[in-house]
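Engineer:
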Amino acid sequence: MYKKYPLSCTIATIMMLSSVPFSAYAAELLANAGEDITGTTGATYEKIKATSTGIIHGKSLKVIGPLTHWQTPSIGANGEQIIDENGNPVMIDHTAVRGTGVEAIGPSSQIYLEDTNIQRVTIGLDIKDNSKIRITNGTIDAGQNSDREIAGIKVDNQSTVELNNVSIEVTNGLGGQIKDGSILNMTGGSVKSFKSGISFADSMGEDNELKDVKINAKENGIMTDASAVTLKNVNVENVQKGLYADNGSQITVSAGLFQGKNLGIYAGNGSNIILKDGVTVLSTQNGIQAEKQKSKITMTGGTLSTTGSQSAAYAKSSGQIDLIDVVVNAEGNGLLVDDQEAKITMTGGTLTTTGSKLAVHAKSNGQINLKDVVVNASSDGLLADDQEAKITMVGGTLTTTGSKLAVHAKSNGQINLKDVVVNASSDGLLADDQEAKITMVRGTLTTTGSKPAVHAKSNGQINLTDVVVNASSDGLKMQGDQSKIILKNSKVFADLLLITAVDTKSPGISYVTADNSTLEGGARILVNESDKVDQTSLSLINGTKWLLKISTQEKDNAGNLLDISKRSLSEVSVLNLNNSSITFDSPMEDHYQTLHIGSGKPDTTAVYNATENAKIYLNTEWSDGIAIGNQKTDRLLIHGDVSGTTTVYFQNRLEKEAVTADDSDPLNTRGISLIQVSGEANENSFKLENSYIAIKGLPYKYILTAYGPKANYGLANANQNLLGSSDNFWDFRLQNAFLDPDSKVKAVLPQVANYFVMPNALFYIGLTDMVKQNALLSSMRTSALGKNKEKKTGFFLYTYGSTGTLSSESSPRKYGYSGADIRYAALQGSIALPALKGKNITTHLGLVGTYGQISFTPKDMQDAGKSTLDKWSLTAYGSIQHDNGFYIDTLLSYGIIKGDITNAIIGKTAEFKNAKMLSISTIVGKQFATGMEALTFEPQIQLAYQHLTFDTLSDADGFKVDMNNPHQYLIRVGGRLTKTVVTTQKGRFISFYGKVNAIKTFGDDKAIHIDKNYQLDTMGTAIEGGLGINAQLSQNISLYGDVNYQQKLQKTGISGANFSGGIRYQF
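Positions in the sequence shown are counted from 1; adding 34 to them yields the working numbering.
Here is the structure:
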């Protein structure tokens, strides 16, 4: 039996045992105060120690620490000492390393070693109390089988350690500990530790530096507490935390690698870390982290990569991180700021995330600034969340490839983008809840998925200025009360421009304002299962253009493309149109579009408000008398009240139809219904651009006629109602304008009257030219100069003008005009060749050049304009006179006419350049002397022919005019009475004359052709009277003047006056 002794005896026995150190090597190398000792080269020592001012030198030394042996009693499971069969206590043998390799203690102790290896020690170097050690080349191996404090190096109390190419390996202990103002300067070498690498505490010396050092530790790499350290090309691998700086530490890192499993680099409590020259940071959790006030990490160049679920860069609680030209790769979050004004600034570089976490996340008053950064995110891009968190991105690109959001501001978060290119495979921008706000200035936003490009929800707001949005599906989505999207100088191209969805948490009205912007796509109002509907007020202002398009992508719940009849409908709750336009895109598959505005509910009456220059452009295929369901046109259906005036335009030139309406159909069913209003409106709520339009090839006037409760044209027809509400509605219809609605006489376009008037106006001025030229020949016969100096050449210059009024009997009831006012002014110059004298016959030949301008304005024609034409002509004349007073005057004239046809609304409607006019006139007369002195009478007869030629004219309103080259004949019969008074001065006289003529015109039943022949009026029969004077002022100069008046003799014709004056010079 083994005996058992009381535990007190065991304790007494243990106390009797002592630890016995054992070593087979030499003792210590020791230098005490004032000693300067050099160790034996190649020697081995248990320990090297300098105290006080002692100095030690050594080369190629070995330090092998002693082993300490001791025994302890063996204790059983019951707590009692175990006794062997001989009654002796059973003892357990122990061996441990407890020594220090190199120790320097005391002021100014110094140790200088080369090629020294230190092993089997608890602490490799223990330097304190203002001591110094320098080791060049060597190793330190500490901590094997020790039960004491273990460290590769310990530097304390203002001491200094310099290590060059020294390798430190520590088992179960710290690689190095530098504290209390001490300094470590290590170049080359390595630190390997089963715990942490190197720790600095209260060591703010500028000389702390690690260069080209490799650190491998199971716990942390480099830790600093209120210390300053410079790291150059230091590699820290396989540690939990690569670099941990706390309590105001100041760290500068150049190049190198920091690989921390839990954390790459940390700055806390006011610490400052500067990373430059291409530092690489790797971590399976957080990459770099700055925490607490005044803590800051600045990284220039290099790579930051994380493979875990945490953040590549994390600023917390007022910490700050600056990244400049850094490549960031993260499987978790890219950049994260959280709480108390934490801040990350990234300039240049790239940020790539490959996991399911956010690329950039600002929380709880944190702030992130990005400039010229390329962000590639496999999940969410940017998120600013809660308590005024803020993200600012200037320049750069943001690309998301997952199904998450590209840019998301939530719960008071704010995101500002400027000059950024955003490419999203899912949602683009979302501002959600509690005044979240996104502001984007310039840049582009492109989405390729089925989610909206821009989404404001639950009081969120998004502002876009000078931004181009390209959305493959939805452009703008509104959801929830007081949500806002504001566009300025921006463009949004989408399949569906605007989606209004229900927000069950905060239903209400949301607002979209587009200022000087371009919009493209349809619009939808979504209804949830409870039949709740949110509303969106869409305001288009300051030149905004909305192209309304049929969706090509919209699908039902089963994923099938909706029928085009549903895709061609658009809906808006409230539309405000201020100096802006809505254009309906061209029909698709022969389907036109309908835009519904308003819900028709009592609390949403003011649904369409037009101010300033509001415009709508429609596509319409003209028809008259076709059932409303078969009419082919875009439509605007307004379920509520209308304010203001909108101008309606047509995208296409309307073509004439093959089917003609039955004239017995009520007027309020004729034409096409374009716009219907269920609420308040007036006749001027919608109007055509020029108060009328034309149909291609037709000269008729088409107007927008309003039928409704207070309309001049009466009520709308209930069978035409498309609103599904009360029959007390407004219907704005495109219809023929009628001169007389009862007789259904169609009104022609205002400029058409100018075409009808023009031939007679030109004939009238042609006859005026003839009258003045014949008066010239008459004056030559009565001139004394003509008798005395017939062999001389004469030059004539004179001006004249005329006014006339064309009256028509049939035009008022056929075409709506009653005639025209004609004005003409001309300047003529003439050369008379020397007279040819024969036996009893004198012949005069000459040329006359004329420039004249005619204007004519149809009378009593709404919107008729004054047309002005210029005429250039050349006339050859000949006059043969017998001595017995018989004479024949002949004129041959050719003229070119150019000018414009106008109306009062659009101005010039047609231009012609090649119109020509040919005129031939012959007058036969004879002078008879009367019984009174110097008084002669001349009976005359004139036969004239006029011919006009025109090219086919193209009118701005889409029809062509064939003037059919009209001509007419004229016979004038009358007489002239002349009184000549000779003055006492030689060669001077004055003659007065008066004339009366009857005029008859006839022609070829003039007609012009547009869509059919339109018969024109003839000038008919008129009488003419006039007075004139010739005055011979000298032998070479004479003056001439006359005035004539023409009066029509029937209801149709021209009445008017002409007057002239001139001078003749003969040389």
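Positions of the beta carbon are idealized from the N, C-alpha and C atoms, including for glycine. Here the structure is a predicted model, which is why all the values come from computation and not from measurement.
1. Extract the residue ranges of the beta strand (DSSP E) inside the segment 385 to 417, only unbroken runs of 3 or more that lie entirely within it.
2. May I ask you to verify whether the segment 930 to 949 touches the segment 912 to 922, counting CB pairs closer than 8 Å and requiring at least 3?
3. State the Cα-Cα distance for the pair Leu532 and Leu783, rounded to the nearest angstrom.
4. Quick one, which of Met474, Glu253, Gly158 and Leu464 has its alpha-carbon nearest Pro486's?
5. Taking DSSP's pairing of strands, which residues face Trp656 in a bridge?
6. If you draw a straight line from the alpha carbon of Phe228 to that of Asn206, how long is it in whole angstroms?
7. For Asn523, which option in Phe1023, Gly321 and Thr578 has the closest C-alpha, if you only look at C-alpha atoms?
8. Looking at the unbroken alpha helix (DSSP H) that takes in Arg601, where does it start and where does it end?
9. Give me, in chain order, the residues of the same chain whose beta-carbon lies closer than 6 Å to that of Ile662; leave out the 5 immediate sequence neighbours on both sides.
10. Look at the alpha carbon of Tyr736 and the alpha carbon of Ser657, and state the distance between them as a whole number of angstroms.
11. In chain order, what residues of the same chain lie with their CB nearer than 6 Å to the CB of Lys905, ignoring the 5 residues before and after it?
12. Give me whichever residues DSSP pairs with Ala490 in a beta bridge.
13. On the DSSP letters alone, give me the boundaries of the beta strand (DSSP E) that Glu967 sits inside.
14. By Cβ distance below 8 Å, which residues in the same chain neighbour Lys666 in space, the five residues on each side in sequence not counted?
15. Tell me whether Gly880 sits in a helix, a strand or coil according to DSSP, three-state version.
16. When the cut-off is 8 Å and only beta carbons count, does Ser165 lie next to chain D?
17. Return helix, strand or coil for Thr170, following the three-state DSSP convention.
18. Between Pro733 and Tyr858, what straight-line distance do the alpha-carbon atoms span, to the nearest angstrom?
19. Nearest by alpha-carbon distance to Val263: which of Ile217, Lys960, Ser492 and Lys326 is it?
20. To the nearest angstrom, how far is it from the Cα of Thr837 to the Cα of Asn808?
21. DSSP three-state call for Gly1087: helix, strand or coil?
22. Which of the three DSSP states is assigned to Arg815 in this structure?
23. Would you mind stating whether Tyr741 and Arg767 have Cβ atoms separated by less than 8 Å?
24. By how many angstroms is the C-alpha of Ile82 removed from the C-alpha of Lys166?
25. Under three-state DSSP, which class holds Gly919?
26. Closest to Asp897 by CA distance: which of Tyr726, Lys188 and Leu417 is it?
27. Over the uninterrupted beta strand (DSSP E) stretch that includes Asp259, give me the two end residues.
28. With DSSP run on the structure shown, which of helix, strand or coil describes Thr802?
29. If I'm right that Gln980 touches Gly800 with Cβ under 8 Å, what's the distance once you round it to whole angstroms?
30. Assign Val313 to one of two classes, buried (16 or more other C-beta atoms within 10 Å of its C-beta) or exposed (fewer than that).
31. Distance check for Ala458 and Thr434, CA to CA, integer angstroms please.
32. Give the DSSP-derived three-state secondary structure of Asn794 in the structure shown.
33. Determine, using beta carbons only, whether Gly349 and Lys377 come nearer to each other than 8 Å.
34. Would you tell me roughly how many angstroms separate the C-alpha atoms of Phe1026 and Tyr789, rounded to the nearest one?
35. Using a Cβ-Cβ cut-off of 6 Å (strictly less than) and excluding sequence neighbours within five positions of Ala279, which residues of its own chain qualify?
36. Taking the CB atoms as reference points, tell me whether Lys806 and Ser1094 lie closer together than 8 Å.
Structural biologist: Taking the geometry as given:
1. 394 to 397, 401 to 405 and 408 to 411
2. no
3. The residue you call residue 532 lines up with position 498 of the sequence shown. The residue you call residue 783 lines up with position 749 of the sequence shown. Using only the alpha carbons, I get a separation of about 40 Å.
4. Start at 1 with the first residue of the sequence shown, and residue 486 comes out as number 452. Ranking the options by Cα distance to Pro486, first place goes to Leu464.
5. The sequence position of residue 656 within the sequence shown is 622, counting from 1. Trp656 is not bridged to any residue.
6. Looking up residue 228 in the sequence shown gives position 194. Looking up residue 206 in the sequence shown gives position 172. Their backbone Cα atoms lie some 5 Å apart in a straight line.
7. As a working mapping, residue 523 is identified with position 489 in the sequence shown. When only C-alpha atoms are compared, the closest one is Thr578.
8. As a working note, residue 601 is residue 567 in the sequence shown. It spans Ile598 to Arg601 - the alpha helix (DSSP H) in which Arg601 sits, taken as one unbroken run.
9. Working through the sequence shown from its first residue, we reach residue 662 at position 628. Contacts found: Ser707 and Gln754.
10. Locating residue 736 in the sequence shown gives position 702, where the first residue counts as 1. Locating residue 657 in the sequence shown gives position 623, where the first residue counts as 1. In a straight line, the C-alpha of Tyr736 is about 12 Å away from that of Ser657.
11. Locating residue 905 in the sequence shown gives position 871, counting from the first residue. Closer than 6 Å at Cβ, skipping near neighbours: Gly886, Gly929 and Ile931.
12. As a working mapping, residue 490 is identified with position 456 in the sequence shown. Per DSSP, Ala465 and Met512.
13. One-based indexing of the sequence shown puts residue 967 at position 933. No beta strand (DSSP E) holds Glu967; DSSP gives it neither H nor E.
14. If you number the sequence shown from 1, residue 666 lands on position 632. The residues are Pro621, Asp624, Tyr626, Thr654, Glu655 and Ser657.
15. On the sequence shown, position 846 is the one that residue 880 refers to. DSSP places Gly880 in strand when its eight states are reduced to three.
16. Of the chains in the structure shown, none is chain D; there is only one protein chain.
17. Start at 1 with the first residue of the sequence shown, and residue 170 comes out as number 136. Residue state, collapsed to three classes: strand.
18. Position 699 of the sequence shown, counted from the first residue, corresponds to residue 733. Position 824 of the sequence shown, counted from the first residue, corresponds to residue 858. If I take the Cα positions, the gap works out to 28 Å.
19. Within the sequence shown, numbered from 1, the residue matching residue 263 stands at position 229. Of the listed residues, the one whose Cα sits closest to Val263 is Ile217.
20. Residue mapping note: residue 837 aligns to position 803 of the sequence shown, counting from 1. Residue mapping note: residue 808 aligns to position 774 of the sequence shown, counting from 1. Distance between the alpha carbons of Thr837 and Asn808: 19 Å.
21. On the sequence shown, position 1053 is the one that residue 1087 refers to. Strand.
22. The count along the sequence shown starts at 1 and reaches residue 815 at position 781. DSSP places Arg815 in helix when its eight states are reduced to three.
23. Within the sequence shown, the letter at position 707 stands for residue 741. Within the sequence shown, the letter at position 733 stands for residue 767. The answer is yes: Cβ separation under 8 Å.
24. In the sequence shown, the residue the question calls residue 166 occupies position 132. In the sequence shown, the residue the question calls residue 82 occupies position 48. Roughly 13 Å between the two C-alpha positions.
25. Here residue 919 refers to the residue found at position 885 when the sequence shown is read from its first residue. In this structure, Gly919 counts as coil in the three-state DSSP scheme.
26. The count along the sequence shown starts at 1 and reaches residue 897 at position 863. Answer by Cα proximity: Tyr726.
27. Reading the sequence shown from its first residue, position 225 is the one you call residue 259. Its beta strand (DSSP E) spans residues Asn254 to Asp259.
28. The count along the sequence shown starts at 1 and reaches residue 802 at position 768. If DSSP states are grouped into helix, strand and coil, Thr802 belongs with the helices.
29. By 1-based counting over the sequence shown, the position of residue 980 is 946. By 1-based counting over the sequence shown, the position of residue 800 is 766. Their Cβ separation, rounded to whole angstroms, is 5 Å, which keeps Gln980 and Gly800 in contact under 8 Å.
30. Here the question's residue 313 lines up with position 279 in the sequence shown. Buried, since its Cβ has 16 or more Cβ neighbours within 10 Å.
31. Position 400 of the sequence shown, counting from 1, holds the residue named residue 434. Position 424 of the sequence shown, counting from 1, holds the residue named residue 458. Cα-Cα distance, rounded: 5 Å.
32. The residue labelled residue 794 in the question sits at position 760 within the sequence shown. Three-state result, Asn794: helix.
33. Taking the first residue of the sequence shown as 1, we reach residue 349 at position 315. Taking the first residue of the sequence shown as 1, we reach residue 377 at position 343. Rather than Gly, the amino acid found at residue 349 in this sequence is Ala. Their beta carbons are under 8 Å apart, which means Ala349 touches Lys377 by this criterion.
34. Counting from one through the sequence shown, the residue named residue 1026 turns up at place 992. Counting from one through the sequence shown, the residue named residue 789 turns up at place 755. Cα to Cα, the separation comes out at about 40 Å.
35. Taking the sequence shown and counting its residues from 1, the one referred to as residue 279 is at position 245. So the qualifying residues of the chain are Thr258, Ile285, Ala301, Ser305 and Ile307.
36. Position 772 of the sequence shown holds residue 806. Position 1060 of the sequence shown holds residue 1094. For Lys806 and Ser1094, yes; Cβs fall inside 8 Å.
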